[in-house]
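Beneath this line is the structure, given in C-alpha cells, with notes to follow.
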Amino acid sequence: LHMHQLVQRSARHVLTRAPTAEELLPERSLAEWGALRAVLDARFASRADKHSHREDVDALQPCAEALHGAGVLSPFAQAGLADGLGGWHRGKGGIPHWEVGEALLSEAMATTRETLGDRHPSTLASINNLGQLLSDKGDLDGAEALSREALEGRRETLGDAHQDTLISIDNLGLLLDDKGDLDGAEPLYREALEGRRETLGDKHPATLTSINNLGTLLKAKGDLDGA
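Following the numbering used here from start to finish, the sequence shown increments by one per residue and tops out at 231.
Written as C-alpha cells, this is what we have:
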C-alpha cells in the first residue's frame, strides 16, 4: 500500500467532493483495508482535533470517511476511527462540523460502552471527547453530565494523580467556570494545579495553564490577593 499515492489521490478530491469507498479504493483486499486503517489510526487518533490543520491529516480525511463508511472494520476499530474523525470535525469548528462530529463521537461512545464496558480507558476517552464537543457547541448541561462521568471513571480506574484524570478535573472546572459556577470550579482548578505541580513540575505548560485558570477565576471572584 503506497502512502504517497493515497495522499495524492485523496488530495485531488478534497477541493471537489468526498469520494466513495469504491472510487477511492477499488477492489481492495481486507488486508489492504487493514493496512489503510493502521495508517489512518496514526493520524486520526483521539486527539486528532489538535492537528486539524496538518496537511496530511486534511488530505487523508476523505480516505478516513470512506473507510468508516465502508463498514469493513471490526466494531472496536470502527469506533476508533469514528472517534478520530469526530475529533477532526471538532477541531475544524462551526456548527456543520460539530453536528457531524457529534454523530461520530456518539457512535464511538456507544460502541465502546457496548464492547468494552463503561470503565474501559477507551470508553472514558470517548465520553470525554463527546463532552468536549458538546461544550464547544454550547450544550453545557449535556457536556457536564459526560464530563462528570469521565472524571468519576478515571478517578476510579486510574487514580487522582493520573494525567488523564487531571485533564478531566481541569475540563470539568472549565465547564463549570463557563456556566458561571465559580464556587464549583475553584476546588477543581486547585486540585488540577496541585496534581500537576506534583507530577509535572512548576514549569510544565499544563501546570502553567492551571495557574492561569485559577488566577483568572480568583480575579473574577474579586479575590485579588489570591489571584
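Glycine included, every Cβ here is placed at the ideal spot set by N, Cα and C.
Considering only their Cβ atoms, is the gap separating residue 195 from residue 221 smaller than 8 angstroms?
No, these two residues do not count as a Cβ contact at 8 angstroms.
So residue 104 is in the alpha helix (DSSP H); what residue range does that whole segment cover?
Counting along the chain, the alpha helix (DSSP H) containing residue 104 begins and ends at 99-120.
Coil, strand or helix - residue 123 by DSSP
Coil, per DSSP.
Taking 7 angstroms as the limit between beta carbons, can you name the residues of its chain near residue 117, skipping five residues before and five after?
These residues qualify, in order along the chain: 127.
Contact check, residue 151 vs residue 179, beta carbons under 8 angstroms:
Taking 8 angstroms as the cut-off, the beta carbon of residue 151 is found closer than this to the beta carbon of residue 179.
Have a look at residue 91 and residue 199 and give me their C-alpha separation to the nearest angstrom.
Looking at the two C-alpha atoms, the distance is approximately 26 angstroms.
Test item: CB-CB of residue 155 and residue 106 under 8 angstroms:
Not closer than 8 angstroms, so no.
Can you check which of these residues, 184, 204, 202, is closest to residue 225 by C-alpha distance?
Check the Cα spacing between residue 225 and each of 184, 204, 202: the tightest is with 184.
So, at 6 angstroms on beta carbons, what are the nonlocal neighbours of residue 188 in its own chain, with the 5 sequence-adjacent residues on each side left out?
Excluding sequence neighbours, residue 188 sits near 180.
Would the beta-carbon of residue 107 be found less than 7 angstroms away from any heavy atom of the ligand HEM?
This structure simply doesn't include the ligand HEM, nor any ligand for that matter.
Residue 311 versus residue 223: straight-line alpha-carbon distance, rounded:
The structure shown does not extend to residue 311, since the chain is modelled only from 5 through 231, so no value can be given for it.
Leaving out the 5 sequence neighbours to the left and right, which residues in its chain are closer than 8 angstroms to residue 203 when beta-carbon positions are compared?
The residues 165, 167, 170, in chain order, have a CB closer than 8 angstroms to that of residue 203 in the same chain once the five nearest residues on each side in sequence are set aside.
Quick one: residues in its chain with C-beta nearer than 7 angstroms to the C-beta of residue 158, no 5 flanking neighbours on either side, listed in chain order?
Excluding residues within five positions, the ones whose Cβ falls inside 7 angstroms are 128, 166, 168, 169, 172.
For residue 120, collect the residues of the same chain with a Cβ closer than 7 angstroms to its Cβ; drop the 5 residues on either side in sequence, then sort them by chain order.
Cβ-Cβ distances below 7 angstroms link residue 120 to 126, 127 in the same chain, with the five nearest sequence neighbours on each side left out; the list follows chain order.
Alpha carbon of residue 112 to alpha carbon of residue 131, nearest angstrom:
Rounded to whole angstroms, the gap between the alpha carbons of residue 112 and residue 131 is 9 angstroms.
Taking only three categories from DSSP, how would you classify residue 51?
Reliability of the predicted coordinates at residue 51 is poor, the pLDDT of 48 falling under 50, and the value obtained from them is presented with this limitation in mind. DSSP places residue 51 outside both helix and strand once states are collapsed to three, so it counts as coil.
Mapping the DSSP letters down to three states, classify residue 205 as helix, strand or coil.
Here residue 205 carries a coil assignment [DSSP, helix/strand/coil].
Local Cβ density within 10 Å of residue 175, reported as buried at 16 or more and exposed below that
So residue 175 ends up on the buried side.
What residue does the alpha helix (DSSP H) around residue 177 start on, and which one ends it?
167-182 is the extent of the alpha helix (DSSP H) around residue 177.
Residue 93 beta carbon less than 8 angstroms from that of residue 108
In this structure, the beta-carbon distance from residue 108 to residue 93 falls below 8 angstroms.
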